[in-house]
Structures are given as C-alpha cells and as structure tokens.
Amino acid sequence: MDERNLNSRHGNSRLIFLISGPSGVGKTTVVQQLLETIPEMAKIVTTTSRSRRPGEQDGVHYHFVSTQKFQDMIDHSKFIEWKSHLGHFYGLTWLAFCETSDRNAILDVDTQGKEDIIRRVSNRVVTIFLTPPSLDVAKDRLVRRGDLPNIELELRLDKARQEVQSAGEYDHIVENAVLDSTVDKICAIIADEILKQDS
786 MDERNLNSRH GNSRLIFLIS GPSGVGKTTV VQQLLETIPE MAKIVTTTSR
836 SRRPGEQDGV HYHFVSTQKF QDMIDHSKFI EWKSHLGHFY GLTWLAFCET
886 SDRNAILDVD TQGKEDIIRR VSNRVVTIFL TPPSLDVAKD RLVRRGDLPN
936 IELELRLDKA RQEVQSAGEY DHIVENAVLD STVDKICAII ADEILKQDS
C-alpha cells in the first residue's frame with residue numbers, strides 16, 4: 786500500500802489545524818484541552834524516537850519507536866515530514882495523517898515541519914502559533930517540568946527565541962497566558978474557519 790496516495794483519495798475537504806510554538810509555551814496542555822472542549826475533533830499523533838516521559842501514553846501523546854525503527858520508516862518513505870532535534874527523531878507519518886481522514890483534526894508540530902506539511906498534503910491547513918507571555922515565562926515552565934538537563938534547557942530556549950521570530954508566518958497568533966482564555970480564542974478560530982470552509 787502506498788500511504789502517500791491515501792490522502793489524495795480520502796478526507797480532502799477536512800481542515801487541519803496546525804498548532805506550533807516554542808518549548809514551554811504549553812502546546813500539549815492546550816491541545817488536550819481543545820480536544821476535551823471539541824470532542825468531534827481528532828488529534829493526529831506524531832512519531833518520535835525519544836523515551837516516554839512520566840505520564841505520557843503511546844499512541845496518545847506520541848507513537849514511540851526505537852531509533853532503528855524510525856530510520857527504517859524514513860528509508861521506506863513513511864513520513865510526510867521528519868526532523869532530528871537534540872539527538873531524537875520526530876515526524877508525521879502518512880498513516881497517522883490518514884487514520885483521522887473522516888474528521889477535522891488538530892496537529893501539534895514545530896515550525897520546521899509546517900511548510901513540508903502544507904506543501905505535501907491536499908487538505909486546507911490553518912496555522913496557529915502559540916506564544917508565551919514572555920520567554921522568561923517559557924523558561925520558568927520548562928524549569929518546573931524538571932526533566933530537562935541544563936544543556937538541553939538552554940538549547941530549547943535558544944530555539945524558542947528563533948521560533949518566536951516566525952510567528953508572523955502563521956494565519957493566527959494566540960498568546961498563551963491563561964489556559965481557559967487561550968482555549969476559548971482557538972475554539973473561536975476553529976469555529977470561524979469551519980464556517981468559512983462550509984460556506
């Protein structure tokens with residue numbers, strides 16, 4: 786089966802809401818709250834070679850695979866996009882993308898993967914960039930997580946500074962200061978975009 790052809794045959798009319806933002810902005814929490822608020826939305830689950838963190842579930846937060854398995858999947862063209870970051874692989878498979886083809890869907894992906902996804906899928910993609918109130922707030926959130934070595938923390942913050950500069954390339958920018966307010970704003974964006982799609 787050529788998974789790359791599935792997207793041309795199924796679900797082309799659905800909307801993909803692509804959410805990006807720097808480390809520490811709270812993407813995981815926002816996406817989880819959005820899915821609870823709009824249960825008819827699907828989440829497209831990406832794949833990673835990194836180890837699971839406490840509380841993470843395979844197939845919910847990520848599809849967790851070994852580095853060798855990920856490399857085999859690259860060799861067999863299983864990915865729409867993939868990247869290496871801080872010694873781990875991350876990517877979006879064609880299969881995961883097409884498994885939710887009957888519903889509008891939310892996709893959490895970083896700024897590097899955005900353009901590849903827009904270019905390679907036939908669906909309309911609405912891009913939303915989450916910004917922290919400040920980079921100091923993002924740093925505090927990462928520190929409170931308590932699972933990052935200092936070197937990785939600094940690398941993530943350096944990347945965050947770069948990613949914030951690309952916010953203007955997105956369809957919508959939402960500051961994540963208060964979770965409920967952030968979710969309300971994104972729900973309004975989703976409702977408006979679906980209305981435009983259906984009109």
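According to the working numbering, the residues represented by the sequence shown are 786 to 984, in order.
Note that the Cβ used here is the ideal one computed from N, Cα and C, for glycine as well.
| Asked | Found |
| --- | --- |
| Please return the same chain residues whose Cβ sits closer than 7 Å to the Cβ of H795, not counting the five positions on each side in sequence. | Reliability of the predicted coordinates at H795 is poor, the pLDDT of 46 falling under 50, and the value obtained from them is presented with this limitation in mind. The answer, listed in chain order, is C883 and S886. |
| Under a three-way DSSP split, which group does H795 fall into? | In this prediction, H795 has a pLDDT of 46, which is less than 50 and means its spatial position is unreliable; what the coordinates show is noted afterwards. It is coil, neither helix nor strand. |
| Looking only at its chain, what residues have a beta carbon closer than 6 Å to the beta carbon of K863, apart from the 5 residues adjacent to it on each side? | T878 |
| In whole angstroms, give me the CA-to-CA distance for T814 and G844. | 16 Å |
| Would you say Q856 faces chain C, with C-beta separation under 7 Å as the test? | Although the question refers to chain C, the structure presented lacks it and comprises just one protein chain. |
| With distances taken from CA atoms, which of T852, I971, T916 and R926 is nearest D895? | T916 |
| Taking the straight line between their C-alpha atoms, what separation do you get for I979 and I865? | 24 Å |
| Please confirm whether R888 and A827 have their CB atoms less than 7 Å apart. | yes |
| Rank R799, S798, I804 and G811 by C-alpha distance to the C-alpha of R929 and give the top, closest one. | G811 |
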